[in-house]
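This report refers to the structure that appears directly beneath it.
Protein chains: 2
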Amino acid sequence: MSLLVTGSIGIDTVKTPYGVSENCLGGSSIYFSMAASFFTPVRFIGVIGSDCPFDLVQVFAGRDVDLTGLEIRPQSKTFRWAGTYHENMDSRTTDRLELNVLAEAPPKVPDSFRDSRFVFLANTTPALQHQLLEQIQGPVFVAADTMNCWIEGHLDDLKSLLEKTDCLIINEDEARMLAKEYNLIRAGEKIMDMGPSVVVIKKGESGSIMCSADGEKFILPAYPAAEVKDPTGAGDSFAGGFMGHLAQNGKTDFETLKAAVAYGTVVASFTIADFSLNGLTAISRTDIDSRFETLQKLTKF
Amino acid sequence: MSLLVTGSIGIDTVKTPYGVSENCLGGSSIYFSMAASFFTPVRFIGVIGSDCPFDLVQVFAGRDVDLTGLEIRPQSKTFRWAGTYHENMDSRTTDRLELNVLAEAPPKVPDSFRDSRFVFLANTTPALQHQLLEQIQGPVFVAADTMNCWIEGHLDDLKSLLEKTDCLIINEDEARMLAKEYNLIRAGEKIMDMGPSVVVIKKGESGSIMCSADGEKFILPAYPAAEVKDPTGAGDSFAGGFMGHLAQNGKTDFETLKAAVAYGTVVASFTIADFSLNGLTAISRTDIDSRFETLQKLTKF
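Residue numbers (this note's numbering), protein chains in the order written: chain A, 7 to 307; chain B, 7 to 307.
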């Protein structure tokens, strides 16, 4: 089934203990689309300014990513982010943040995208996520991401959005902040009370937890990657693998959701092995399936 | 097969956000023995002073724990520890530490224990662990625990001990410190180069990783406990469930080791649900098996 993503396109400068990647392509919708395109066709929505040095048609060449929703604003500048990861790779410092086009009006959902069945609202202001979602007619499964600054500063907007989403994909610290509850199992339950029937809590190198309103639970460790060079995009790649598998199968029962979490985990493990999109562009679907099977074997007892 | 444990017996005072437990029974060999006794008979070695208010015969009544190795030193005082856990329960402060008998000569291994096949050397100075191990004739599988202060201050002794152990069960921070390597997969490999053919790295609420010299790996999340009242003894209970399952089956192939990690995980999840030994004394083997099956279901995809 059709899968739509709205999110950021960024020019990133990333420093990690393994090196520096200057002015490389990044952004949530970019990582998401690259990841999801291994599973299903992707409908892409995003905005760049005239300064963007990347040709996205070229970036996604050979992949089933429909760029009809890409908007280039000649008077605007592209979103830029610079960050430094510290030795443990779980914490990072933002060195520079230029919202640019992200602070302007949201992009328009093209008419041909309005019937999308699976929708991922990557991280941005909840009000903007809401405006984008309202342009979709009768989606089957809507998942959203969010972050600490919206939980702190835009809680009412976020709660209003959550009432219309089926699934929230969120980091553990943010889950605790949103639920006002340290224990992640109880945090997941409290978030489901706000609307979503599925909550996926990402715990970085400690894996993830998923719970559903039916009382089902799933816990999965991260893929034990020997090499972590750049964690940027791991969360959006996870979401891409997750939503890609659901849309490919057109199902959201708990067995399918479990496999989706595992696919998300595996795709993210490739992303973090190299800078920018290099970890994802270097692989094929066969590599993903092979690592999926390895993860099954590694966790089975 | 026979399972022997040597470790501490303590009088603990523990503060957590859930309350205070003053002068309660604790110590590594106590938690280990209680946990392992659900699986197999346990041979217990430890020392207390005349001030110990606990009757260990009564504590282990109805459980197959052989206290022949319990030594009471009338002129000595029992080991005491007081600690405070902070909100996230993963970090704690030691408020008071009185080594007392633990700073004296090690206990003697009774003649009837010298043929023990499975041996767990709970955390103490590596030299002491070595002296205890030398009293055992032809053990099949020797596992040890250690901690940061021995890695920092007694590394030569520890390395010499590791050459004679089959398995090291260690916390993630300590694994990184010992291996001088942040990545846990590579840390496990480096530790195996020091002697053990199996390394189990415990990651607290993030679960555990096991690797073997054959190149096998296993990753398991922690049991998603909704209630964590007191983490004291979690690591020793894990070791008790782990070694208990191995000794019960008399096997150490990787499939058995994987189930052992899962049993250790489950037993520890009961320990942390209440103060002191209350979490373990409240349950039966049936509860453990039931939670083992739940953990299988929670992690299967």
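For each residue, glycine too, the CB sits at the ideal point set by N, CA and C.
Within the DSSP bridge table, the entry for A/Thr12 names A/Ile51, A/Leu127 as partners. Taking the beta carbon of A/Leu304 as reference, the chain B residues within 7 angstroms of it are Lys223, Phe224, Ile225, listed in sequence order. Apart from the 5 residues on each side of it in sequence, A/Ala193 sits with its Cβ closer than 6 angstroms to the Cβ of Ala181, Arg182, Ala185, Glu187 in its chain, given in chain order.
Contact annotation: A/Phe224 and A/Thr22 have beta-carbon atoms that are not nearer than 9 angstroms. Val267, Ala268: these are the residues of the segment 267 to 290 of chain A whose beta carbon lies less than 8 angstroms from some beta carbon of chain B, given in chain order. Non-local beta-carbon contacts of B/Ile17 in its own chain, meaning distances under 6 angstroms to residues more than five positions away in sequence, involve Asn29, Thr84, Arg86 in chain order. Here DSSP, grouped into helix, strand and coil, assigns A/Asn94 to coil.
Beta-bridge partners assigned by DSSP to A/Met183: none are found.
Only buried fits B/Gln254, as 16 or more other CB atoms lie within 10 angstroms of its CB.
Only residues of its own chain outside the window of five on either side were considered, and among them Ser43 have a CB closer than 6 angstroms to the CB of A/Arg69, listed in chain order. Contact note: A/Asn94 reaches chain B through Tyr188, using a C-beta cutoff of 8 angstroms and chain order. Beta-bridge annotation (DSSP): B/Met216 is paired with B/Val206, B/Phe224. When rounded, the separation of the alpha-carbon atoms in B/Lys306 and A/Gly213 is 14 angstroms. The Cβ atoms of B/Leu9 and B/Ser122 lie closer than 9 angstroms to each other.
Here DSSP, grouped into helix, strand and coil, assigns B/Cys173 to strand. Residue nearest to A/Tyr269 within the set A/Thr292, A/Glu104, A/Pro145, A/Ile142 is A/Thr292 (criterion: CA-CA distance).
Between A/Ile289 and A/Val272 the beta-carbon gap is near 10 angstroms, outside 8 angstroms, which marks them as no contact. For A/Ile294, there are no neighbours in chain B by C-beta distance under 9 angstroms, as the nearest C-beta there is about 15 angstroms away.
Judged by their CB atoms, A/Gly52 and A/Gln81 are not nearer to each other than the 9 angstroms cut-off. Rounded to whole angstroms, the separation of the alpha carbons of B/Asp72 and B/Leu134 is 21 angstroms. According to DSSP, residue pairing for A/Ser27 in a beta bridge involves A/Val20. The criterion of a C-beta distance shorter than 9 angstroms is satisfied by B/Lys209 and B/Glu178. Only those residues of the segment 225 to 248 of chain A whose C-beta falls short of 9 angstroms from the nearest C-beta of chain B are listed: Ile225, Leu226, Pro227, Ala228, Tyr229, Pro230, Ala231, Ala232, Glu233, Val234.
For the set B/Ile278, B/Met95, B/Leu139, the Cα lying nearest the Cα of B/Pro113 is the one of B/Leu139. In terms of Cα proximity to A/Pro202, the closest of A/Ser166, A/Tyr229, A/Pro227, A/Pro230 is A/Ser166. Contacts with chain A (Cβ-Cβ distance below 7 angstroms) from the segment 190 to 214 of chain B involve Ile191, Arg192, Lys209, Ser212, Gly213, listed in chain order. Between B/Phe45 and chain A, the shortest Cβ-Cβ separation is not below 9 angstroms. Per the coordinates, the alpha-carbon of A/Ser275 lies some 52 angstroms from the alpha-carbon of B/Cys58. Secondary structure at A/Asp151: strand, using DSSP grouped into helix, strand and coil.
Secondary structure of A/Thr84 (DSSP, three-state): coil.
For A/Leu139, the enclosing alpha helix (DSSP H) begins and ends at 132 to 139. If you draw a straight line from the Cα of B/Thr152 to the Cα of A/Gly32, it comes to about 43 angstroms. Under the Cβ criterion of 9 angstroms, A/Lys21 is not counted among the residues facing chain B. Close to B/Ala265, with beta-carbon spacing below 8 angstroms, are these residues of chain A in chain order: Phe307. When secondary structure is reduced to three states using DSSP, A/Thr277 falls in the helix class.
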